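Peer 1: Input: one structure, supplied below.
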Amino acid sequence: MVLNKIKAHLDTDEQLGLYRKRMNNDIKCNDSPTDFDGHIFCKNRVADPLFMDGETVKRVSDKDAERKIIIETKAPPKEYFLKFEK
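Going by this note's numbering, the sequence shown opens with residue 493, and the numbers climb by one from there.
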């Protein structure tokens with residue numbers, strides 16, 4: 493829908509054409525924390541389900557130390573510093 497609407501303007505709008513090329517991976521991009529064009533965070537989804545332990549409700553990470561380490565190390569959001577070639 494939106495992409496069909498912008499097609500008519502790609503030839504006349506230079507900035508729009510650049511964004512389209514970036515979106516379609518026609519322009520290479522690198523992770524460069526010191527010199528970047530865009531800064532994004534990607535939130536990780538790590539499940540820590542509840543379960544019944546006798547009469548108590550607990551999280552799996554409360555019972556399984558290995559799972560707790562996974563949640564602590566994988567849960568923080570990943571951060572990327574995007575530097576485009578154009």
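All residues carry an ideal CB built from backbone N, CA and C; glycine is no exception.
Keep in mind that this is a model prediction, so the values were computed, not measured.
Answer yes or no: do residue 541 and residue 552 have a C-beta to C-beta separation smaller than 7 Å?
Peer 2: Here residue 541 is taken as the residue at index 49 of the sequence shown, counted from 1. Here residue 552 is taken as the residue at index 60 of the sequence shown, counted from 1. Yes, Cβ-Cβ distance for residue 541 and residue 552 is below 7 Å.
Peer 1: For residue 534, tell me which candidate among 568, 495, 578, 576 has the shortest Cα-Cα distance.
Peer 2: Working through the sequence shown from its first residue, we reach residue 534 at position 42. Closest by alpha carbon: 568.
Peer 1: Report yes or no: do three or more beta-carbon pairs, one from the segment 498-507 and one from the segment 521-540, lie closer than 8 Å?
Peer 2: no
Peer 1: Could you spell out the range, first to last residue, of the alpha helix (DSSP H) harbouring residue 565?
Peer 2: Looking up residue 565 in the sequence shown gives position 73. In the DSSP assignment, residue 565 falls within the alpha helix (DSSP H) that extends over 557-566.
Peer 1: Please check the pair residue 576 and residue 519, which I expect to be a contact at CB under 8 Å, by giving their CB distance rounded to whole angstroms.
Peer 2: Within the sequence shown, residue 576 is the residue found at index 84, counting from 1. Within the sequence shown, residue 519 is the residue found at index 27, counting from 1. Contact holds; Cβ gap of about 5 Å.
Peer 1: Comparing C-alpha positions only, which one of 525, 516, 554 sits nearest to residue 571?
Peer 2: Stepping through the sequence shown from its first residue, residue 571 is reached at position 79. When each option's Cα is compared against that of residue 571, the closest is 525.
Peer 1: Cα-Cα, which of 544, 511, 554 is closest to residue 578?
Peer 2: Locating residue 578 in the sequence shown gives position 86, counting from the first residue. For the options 544, 511, 554, the alpha carbon positioned closest to that of residue 578 is the one of 511.
Peer 1: With distances taken from CA atoms, which of 539, 514, 547, 544 is nearest residue 562?
Peer 2: Reading the sequence shown from its first residue, position 70 is the one you call residue 562. Checking every option, the nearest Cα to that of residue 562 belongs to 539.
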